[in-house]
Each structure stands twice: as C-alpha cells, then as structure tokens.
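Take a look at the structure set out below.
Number of protein chains: 2
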Amino acid sequence: MSTSPYAQLEQEWRRLHAFHGALALLRWDAAVMMPRGSADVRGEQLAALETEHHALLTAPRITRLLDRAQANAQGLEDWQLANLREMRRQRDHAIATPVSLISRLARATSRAEVRWAEARRQNNFDLFAPHLEEVLNLVRDKAALLGQALGLPPHDALVDEFSPGVSTADIEAIFKALSRRLPSLIRETLALQAQRPSMPLTGKFAPGKQRALVVEVMRSIGFPFDRGRLDESEHPFTEGVPGDIRITTRFDNADLFSGLLGALHETGHAMYDLGLPQSWRDQPVGRDRGMALEESQSLLLEMIVGRSRAFVRYLRPQLEKHFAVSGPEWELENLYRRLTHVQRSLIRVDADELTYPLHILVRYEIEKKLLSGELAVRELPEAWDAGMEQRLEVRPTGAADGCLQDIHWALGSFGYFPSYALGAVIAAQLWESLRSHIPEIDEQIGRGEFGGLFDWLREQVHSLGAKVSVKELMKHASGQPLSANALLRYLEAKYLEPAS
Amino acid sequence: MSTSPYAQLEQEWRRLHAFHGALALLRWDAAVMMPRGSADVRGEQLAALETEHHALLTAPRITRLLDRAQANAQGLEDWQLANLREMRRQRDHAIATPVSLISRLARATSRAEVRWAEARRQNNFDLFAPHLEEVLNLVRDKAALLGQALGLPPHDALVDEFSPGVSTADIEAIFKALSRRLPSLIRETLALQAQRPSMPLTGKFAPGKQRALVVEVMRSIGFPFDRGRLDESEHPFTEGVPGDIRITTRFDNADLFSGLLGALHETGHAMYDLGLPQSWRDQPVGRDRGMALEESQSLLLEMIVGRSRAFVRYLRPQLEKHFAVSGPEWELENLYRRLTHVQRSLIRVDADELTYPLHILVRYEIEKKLLSGELAVRELPEAWDAGMEQRLEVRPTGAADGCLQDIHWALGSFGYFPSYALGAVIAAQLWESLRSHIPEIDEQIGRGEFGGLFDWLREQVHSLGAKVSVKELMKHASGQPLSANALLRYLEAKYLEPAS
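The listed protein sequences derive, respectively, from chains A and B.
Going by the numbering used here, the first sequence opens with residue 418, and the numbers climb by one from there.
Going by the numbering used here, the second sequence opens with residue 418, and the numbers climb by one from there.
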C-alpha cells in the first residue's frame, strides 16, 4: 500500500466519512426515534462529533498533505485529481469559519429555532425578530469570511456551500427568464383548468395501508430495503450514507397522495445517493454534487415522473389493490388532474410545480437584501407580503402563513433557497434529454418499469459524484448550458396541453 | 470558570462522554433499526469513533493533566477525588492495550462471531475451534499487558474490567460457598416441587398486547418514556446514556412471561443508569460501578421482585385487563409456582435463579484454565460436558446446547461470566437489607408501588455512581461484607418454603 501524501489524504477522509455517517445517524434518530426529553443529550453528542470533525478537517497535517499532494499531482488520475480538488474545497470551507463563530452560530440558531416555532404558533413576528437579527449578524460574518477565503462576494459564498460552482449571476439569469414567463403561464393554466373541473378524492386512508402502498412503489423504483429504511417524521427527509440510506414521509389520513409524493421526493434523493460511485463512497469526490442537484433528483421523481399520465397508469391498479377504490373520481384522467392541479397559494411546501419557483424568487430577493443590510429585519413581514402580492397575487393573512412559514433563516441557512428553484430547472433539462434518448420512457413508467429511467440518470448524473461541476454535468448530460428553457418548455407542454 | 488541570480534565471527559453516547446509539441502532445489509458501513463508523475515543483518552495531554491534577489534589473534594481516580483508571486500562492489539482483537472477534454462529447452527465445535484459538491468544496478550499495568494476575486484570475491585479470590470464596450448598438445595427443591404440581399457562399472546402490558408495568416502575424507549431485538439489552436510555425485549407468542421478564431485567439496568448522580453524568465517577453491580440491579427486578408473590398480586389484574385470562391456572398460587419453577437444564439464559450460579461456575472454571493454558481449546467440549454433569447432573447432547451456547468467548469477553453470579449475590444481599429497612415492601409491590424500592436503591446504590468500590458499597448498604450468605438465605427461604 502506497503512503504517498495523496494516499494518506484518502485515509484521513475515510475517517472523516465515518464521522459524517455517524453524525447522519444521530440526526436521523433525533427526528425519528429519539424520546422527546433527550434533545439536550443529543445536542451535546452532535456538538462533540461536529467539533471533532471540524478539528480533523482543519488540522495542519491536512494542509501539509494537500500541498504535498498538489505538488505531486502529475502522478494522479482524473478521479484522484477531482478528489484532491474536493478535499481542498471541503477544507477551505471549514477553515474559513473559525470554530468560535461556528459554535456561536450553533447556539444562536438553536435558540432562534425554538423562538421561531413559538412565533409561528402565535402568528407573531416580533417574538422572532431579535433572534433572526442575531443569526443574521453571525451569518453576515460567516459570509464575509467565507467570501474572502473563496474569492467570492458574500452571498455567492453562501450559495457556493449548497450549489457549488453556481453563481448568483447564473441564478439571476434563471429567475429573470422564469419571472418573465411564469405569471402569464399561470394565468393561462388557471383559465384552462377552470374549463376542465376535477372531482376531489375523498375518503379515509389508513396510514398502515398507505405505508404498504408506498413500500410497493419504492420497491418497483428500486429502493433497496436491505440497505435503507422508510419511517415517519414530522417533515419528510433523507438522511444517511449510500450503504444505509433512510427516508421518511408523513401520512395524512384524509389525503392519499401527500404521503406518497413525500416518499417519492425522498426516494429521488435516496436513488441519487445510492447511485454515487461505489468505489469512491468514502471520499469527497464520491459525494453528491450539492443541494441543487440533490433537489433536481427528488423533484424529477416527485413532480415530473410522479405527476405524469404514465405514472398514473402504473399507480391506478396499485390504488385499487391497496384501497379498493372505485368510482369516476378514481379514473385515470381525474387522478391526473388532481395531481397536476395548479393554485396560487401562500405556503411553499404545498405549492404546485408551476407556482413554486415564484415562491423561491420572493425568498431569494429578500434574503439578498437582508444580508446586504438593504432590508432591516423589522421590515421583513411587509417586504414578504408585498413580494407575494407582486409575484403570486396572494397576500398572507399574517406572519404564520407569511414570512414565518419556513425554518431556513432561523437555522442560518441563507443561500439555500435558490437550490430549490435550480433543482426544478435541472430536473426539467435532464428530463428533456432523457426523453430524447429513451423515447419509450412513458411506456416503461406506465408498466412500473423504472430501470430505464435510473440507468440513464445513473450514467449521466449519479455515477459522476462530485467529479465535475453542476454546469459541466448539465452540458454533458443535456448537450446544453444550464438555463430555464427546458423547464419553461416542459411546463408549457404540460399545463397548456390542448383538451383531448 | 476555573482552568485548573482538574477542570480541564472534566472538560476532556465531557467530550469523551459524548463519544461514548454516540457509540451507544450506533450500537443500539445496529441491533434494533439498521437494515441488514448495512453492517459493513456501521462497522467502519464504530471503528472510527472507537479509535478516536481511544486516541483522545490516551493522549499525552491527558497523562500530563492527570499528573498535575494529582499533584494539586489537596484542593479537591471527595467526589472530585473519586472522579480523578476513575479518570486514571479509564486511562490506565486504555493505555495498557496498544491500538494495534485492540484492532487485531476487533478483527479476530468479528470473524470468530460469524464462525461461532455457524458452528452453533451446525452443532460442530471444530468449525469454531481455530477462531477461538486465535481470540484466546490475543486475549492472553491483553491480559498479560493489562495485568502488568495494573499490578494484577492476568485473569484478575480481565475481571477488573467488568467488576472493578473484585478479585478472583473474592469470586472463588463466593463460588465455594455456593457450590457447597446449592446442589443439595436443588435436590430438596425438586423434591418439594414434585409434591406441588403446577398447571401450564397456555395460549396465544399477541405481541402488541404483550407490549401494552409491558409498557404499563414499566410505567408503574417509573421508567421515563420521555427519556427512554422500549423496542424489540433478538436478544434483550439496555443501551444508551442516562438522558436517553433504551431497552429491548423479545416477545414470544406462546409465552406470556419471557417478554415481560426480559423487559423487567432490562428495566432494572435502566433504573440503575437513570439513578446515577445527575450532576456527574458526563464524568467517570457518574458511571455505573461495573457489570456485577449492573447485573445485581437487573436480577433484583427480574428474579427477586418479578418472581415474588407480591409482584404476582400486582400483576394478576394486569393480565386480566390485557389478556382477559381466567381459569384455575391463572390463580395467584399457580402463577407464582410457574414463575419460580426450578429445573436442571442445559441452557444458561433459560435457567432459574437456583441453578443459574452453577452454570456460571462451570464457565468460570473453564475460562481460567483456557487462559492459563491448562486446558487446550480442543479439550473444551469435553471439559464443558463433564462440568455440567458434575455441577448440574445434566449432559449436553452436543456443542450447540453445550459449550457453543454463549457468544462471550467468541467476542473475547473472558472475565465477564463471574459478574452474572456476583450480580445474584449482590442483589440478594441488597434485598435482605432493603427488607429490613422497609418492612412493608411486599405490600407496596403488591399494590404496584415501586417508589419505596427505588428510593432505597437510589440512595444506597444508584446515586453513588462509581464513587466507592463494590465492596465498600455493599458494606455500607447492607452492613455486611460481600458474601454468598444472603443469597443462600434468600434461596432457602423461597424454595424450601413449607406448604401453606
């Protein structure tokens, strides 16, 4: 076995990967299994492991090894070079933020999270404002330090954490294209929709049966239950490492689809993680290529596949089998209409794929202004309501269904929101290319065959890990630069479909 | 905040405690939640965290701080001094065994565990022998190194890991007393039992209902479900830290008591852990006082309380409520006879409290000879069978119900078995003292009131953590030195009870 500087770095990252996996399990357990009263204990465990992880990652030894490996880079192959680049990237991000700032931010956000939940329950922004102020000040410090270290403007530095290699200029070009077309597209869709009414899907759907349906669908998709789990939690999420991947969803007695679609979303994440290059699984280059790409894989399955006529054809017999549904509202066309119903609404997580990007745009514009100081925290509720009115023609009734609906800022996650919109853009662009390469994809999905879909995604996306940038990956997988064009084409075709 | 060497040590141990808790969760999850195919991933995570824990514990900085704190010990209080002693004890144990030996042992035992299971399934000792040989050689090295560092004979050094402060001389005095009286006591009991036949408790007992019963019993006992969990696993166990304690049991459709008694056993462990001194919970002195004392707390609840007439009075209405049982076999006296049924048997984990210590004695005598080399691995099956015949008058039909029944030696846990017998001895001695201090304890238990029981145990045992040795603790709690006398008195009174 070689003990070159590069080989030593791989060894170091094997250990970091084990810490990363242990931390993932501690978080999963906290959300799914942990008794309510044990949060303080878990907080100490997470803090200790995170601090140790940070210390291992920023040790002088790592810096020395990175420099020596770089100096001897001529002996390395493609993947090794990419791995070295990602190692340095992780280390640069970690070392830019001092431990003291990280721990102040951890304390401030854990206080803010509690007060955010309380403020939301009481529909009272004032309870949250001072805590957001505190978090925002620390995030500004972090953005400045990170920006300095990475040679990026502050907001770009934050975005880079979640969507590496995507600049705010890229994001703004995409938002510009979307905001130019979406408002009119929504109007046209709502007009068409009014002419084609659909029947509601009412009933009581026992969680146990919903779970059985979801498990069967996940099995068809290829989720490996011998290396993963499905559980329930308040908010659906995916956690773990490719050898032990765990997703959650939430079942609603009165709604057959929310649990299934939540599970599809998370299965999309899981399938991406499971498709990452196995031989690099404990190395940085074997990780996912950031949140925008993660979100593209979940949205592709939840929104594009899961709300397609082909999927409804596959799903219909499953519904009959698990729930013995019958009647006109359970016919294919009505199911499809319910799944693609469009509505101007106040809550992001309930939004359909047509209005969703505008929810993100409102947040993106506000977080940039908060970060730069152009907007004061106390002005946030009014800015939010005005943004919603301008972009979506709806006005929140209060802070709870307005600027307090999302937890992200309380957690200090500024720069995260754009990855949701980027995810939708990437998903549609990949889907367009996939369809041109697999013309029979609809027939396959209609038969419950997802092999073709995931073979293509694995080859073009998953198996690349973090080897290339998002923009390079898109160029390669779709033959086109990253842009909003495919998403707009997809939405127009789907929502302006002529009556059959 | 002081930064004295002692204060710095407390800070270091806070971190070690968080690692300890994270490791506990990783193990719990592996046994209860983890998908079967993820064992390799979990193995890497455990190894990485254990190695890091070991490195933190044996760092030169810790040695320096320990020496400096010792030199300034005059400023420390009782508890701090005891904590310092336990810190050093942990460090001495860790540093005595080099990482290379630990990792060779880890690899050898994980191979041996797999082959042990296979050999047991096939009832074929030869498949396991070479692996036990390998483990034994490494354990011998470990015992020699540990003995050297601690100034103890090799087997004593191993015992010291599980039952600190108890010597093999103590253990042998206890075994001598037990082996002098138990064989005749078993004969007398079996003769009496033959005159008082009992009716079997047959039926189908749905696991869901068994769980509801167990949860209700655990609540009465005082198990805090907001800081703990009950789950199912192949072998019952307790894992976690006092702020998040998790027990498991296993439900058998055809046996109403095995799941309940398993849960009582583990609840005994959990109540001990929960009663440890809260203000020292992240320090060595706040930990349990070793496996013998742990086992005393589980046996006290499972064997002494759980198989008492008082407990049966409390339990009887619960059985009626949860299972609507009726008929003569469910009357108090028959239930009590079934719960205290004695039988010469081959399998330790199914043994009653009367024959149990002899199962341990057989193992203790053999493991000492294996360790010293007096007995060769290939001679083990015959030595086992001869021991069982001599001590219990039963002879295994093969290795599966003979020397392959327990996993301990495959895992390298030599020196562990005595703690089971010590646990029974300690439990009876504590119980005798407790009854003299709380004469109405039976009435309390009969009413399902466990507060008196646990108040006493907390005051006399749990709240002391690792402050005093087992022998000092027993002297203080019972007024008597540790001996087998109380256990023999308890067993005689219970099993030779005159007919009413």
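Every residue gets a Cβ at the ideal spot worked out from N, C-alpha and C, and that includes glycine.
In this text, all values refer to a predicted model and were calculated from it rather than measured experimentally.
- For Ile862/B, the enclosing alpha helix (DSSP H) covers residues Ile858 to Gly863.
- The three-state secondary structure of Leu771/A, taken from DSSP, is coil.
- For Arg613/B, the secondary structure class from DSSP, reduced to helix, strand or coil, is coil.
- Any Cβ of chain A closer than 8 Å to the Cβ of Phe871/B would place that residue at the interface, and such an atom is absent.
- Nearest to Pro581/B by C-alpha distance, out of His652/B, Pro547/B and Gln507/B, is Gln507/B.
- The residues Gly840, Ala841 and Ala844, in chain order, have a CB closer than 6 Å to that of Leu716/A in the same chain once the five nearest residues on each side in sequence are set aside.
- Not flagged as an interface residue toward chain A: Arg481/B, since no C-beta distance is shorter than 8 Å.
- At a cut-off of 8 Å, the C-beta of Ala523/B has no neighbouring C-beta in chain A.
- Nearest CB-CB separation between Pro452/B and chain A: below the 8 Å threshold.
- The three-state reading of DSSP puts Leu647/A in strand, counting E and B together.
- Looking at the DSSP output, Arg663/B sits in a beta bridge with Arg646/B and Glu656/B.
- Distance between Trp533/B and Glu782/B, taken at the CA atoms: about 21 Å.
- Under the DSSP definition of a beta bridge, Asp669/B partners with Asp672/B.
- Gln487/A carries a helical assignment under DSSP once its states are collapsed to helix, strand and coil.
- Within the stretch 496-580 of chain A, the runs of alpha helix (DSSP H) at least 4 residues long that lie entirely inside it are, in chain order, 516-539, 546-567 and 571-579.
- Rounded to whole angstroms, the gap between the alpha carbons of Thr757/B and Pro915/B is 15 Å.
- A direct Cα-Cα distance of roughly 39 Å separates Phe542/B from Gly657/A.
- Residue-level contact by beta carbon holds for Phe436/A and chain B, with a gap shorter than 8 Å.
- Counting along the chain, Ala448/A sits inside the alpha helix (DSSP H) bounded by residues Pro422 to Val449.
- C-alpha of Gly829/A to C-alpha of Ala486/A: approximately 34 Å in a straight line.
- If you check each beta-carbon in the stretch 619-649 of chain B against every beta-carbon of chain A, the ones closer than 9 Å belong to Pro641, Phe642, Asp643, Arg644, Gly645, Arg646 and Asp648.
- Under the 8 Å criterion on CB atoms, Gln462/A is classed as interfacial with respect to chain B.
- The three-state reading of DSSP puts Arg698/B in coil, since its state is none of H, G, I, E or B.
- Contact of Ser527/A with chain B is not assigned, every C-beta pair being separated by 8 Å or more.
- The alpha-carbon of Trp747/A is positioned some 7 Å away from that of Leu618/A.
- Around Leu483/B, the same chain offers Arg505 as residues with beta carbons nearer than 6 Å, after the five sequence neighbours per side are excluded.
- Around the beta carbon of Lys738/B, fewer than 16 other beta carbons lie within 10 angstroms, which makes this residue exposed.
- Under the criterion of beta carbons closer than 8 Å, Trp826/A and Leu549/A qualify as touching, at roughly 6 Å.
- Counting of Cβ neighbours within 10 angstroms places Ala623/A among the exposed residues, the total staying below 16.
- In the three-state DSSP reduction, His893/A falls in the helix class (H, G or I).
- Per DSSP, the unbroken alpha helix (DSSP H) holding Phe871/A starts and ends at Gly868 to Gln877.
- In this chain, the alpha helix (DSSP H) harbouring Ile638/A covers Pro624 to Ile638.
- Remark: C-beta atoms of Phe592/A and Leu778/A approach each other more closely than 8 Å.
- CA-to-CA, the gap between Ala536/B and Pro571/B works out to about 29 Å.
- With a threshold of 8 Å between beta carbons, Asp446/A makes contact with chain B.
- If you compare the alpha carbons of Tyr731/A, Val583/A and Gln760/A with that of Arg706/A, the shortest gap goes to Val583/A.
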